[in-house]
Ligand SMILES: [Zn+2]
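Numbering (the working numbering), first residue to last: 2 to 238.
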């Protein structure tokens, strides 16, 4: 079975899909529960026909993948009960609330541990957790910026004016092309570092190409050759 990843750009947006070549009669399209678009087609069907077919389904597909992405992101709220699962940079951890004189949050051996004096003070747990998330996302994004900024400078990318993190539930990041301000979502706390790198590189690319055209992915591909694979993987979060 021959599988490849393709991008089609329609007037209303860009769709990435996995193309599986196999013996089927027609062109079949389905959206997996993680939002991934999979098309299977006979080897005889031309690639341009398949791309056009996918592009013609763009309105429904974009709506579906967006909804899936949103429902996934809503999984972050936490009740702050012992044993609750938490995803931290792609790792599945178990939440523990431990009584301690000193407030702290730490990741240790598969546990995300919140240390606080009164373990029943949920408001306190939430504040400590949110502060931890903010710090960690700041650290992780700045690590990715340090890695990728020199690569963007080498392709004459305009310098960003600032980086910040904030609560955003519908986007992983934004780039204000006029002010050159880049903002990252605290939701990145859930995703592994290589996907944080994707979001950082994606937003930096917007300083060169504001939209999501083919040119955009050509530029992004220069500094991150596997950007399409990473983009698909991000859908799983
Ligand atoms: Zn974008």
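Note that beta-carbon positions come from the ideal geometry of N, C-alpha and C, so glycine has one too.
Other residues of its chain near residue i: CB distance less than 8 Å, five sequence neighbours each side excluded
| i | result |
| --- | --- |
| residue 194 | 90, 91, 141, 144, 145 |
| residue 26 | 43 |
| residue 156 | 209, 220, 223, 224 |
Chain-order list of residues whose beta-carbon lies under 6 Å from that of residue i (same chain, five-residue window excluded)
| i | result |
| --- | --- |
| residue 88 | 191 |
| residue 225 | 202 |
| residue 159 | 208 |
| residue 185 | 142, 166, 174 |
Cβ shell of residue i (< 7 Å), same chain only, five flanking positions each side left out
| i | result |
| --- | --- |
| residue 217 | 206, 210 |
| residue 51 | 20, 28, 40, 42 |
| residue 234 | 196 |
Ligand 3 heavy atom lying under 6 Å from the CB of residue i
| i | result |
| --- | --- |
| residue 174 | Absence of ligand 3 from the depicted structure is noted, with ligand 1 being the only ligands included. |
Cβ contact (3+ pairs, closer than 8 Å) linking the segment 87-99 and the segment 107-117: yes
Kindly provide the ranges of any beta strand (DSSP E) runs that are 3 or more residues long and lie completely inside the segment 101-167, ordered along the chain. 105-109, 112-117, 163-167
Report the start-end ranges of each beta strand (DSSP E) in the segment 167-194 that is 3 residues or longer and not cut off at the edges. 174-177, 182-186
Nearest-residue set for ligand 1, Cβ under 6 Å from any heavy atom: 203, 207, 213
Can you confirm whether the segment 8-28 touches the segment 54-62 when touching is taken to mean that 3 or more C-beta pairs between the two stretches lie within less than 8 Å? yes
Any chance the segment 172-182 sits against the segment 214-230, with 3 or more Cβ pairs inside 8 Å? no
Could you give the uninterrupted runs of the alpha helix (DSSP H) lying entirely in the segment 18-65, keeping only those of 4 residues or more? 48-57
Count the CB pairs spanning the segment 47-61 and the segment 153-173 that are closer than 8 Å, and state whether there are at least three. no
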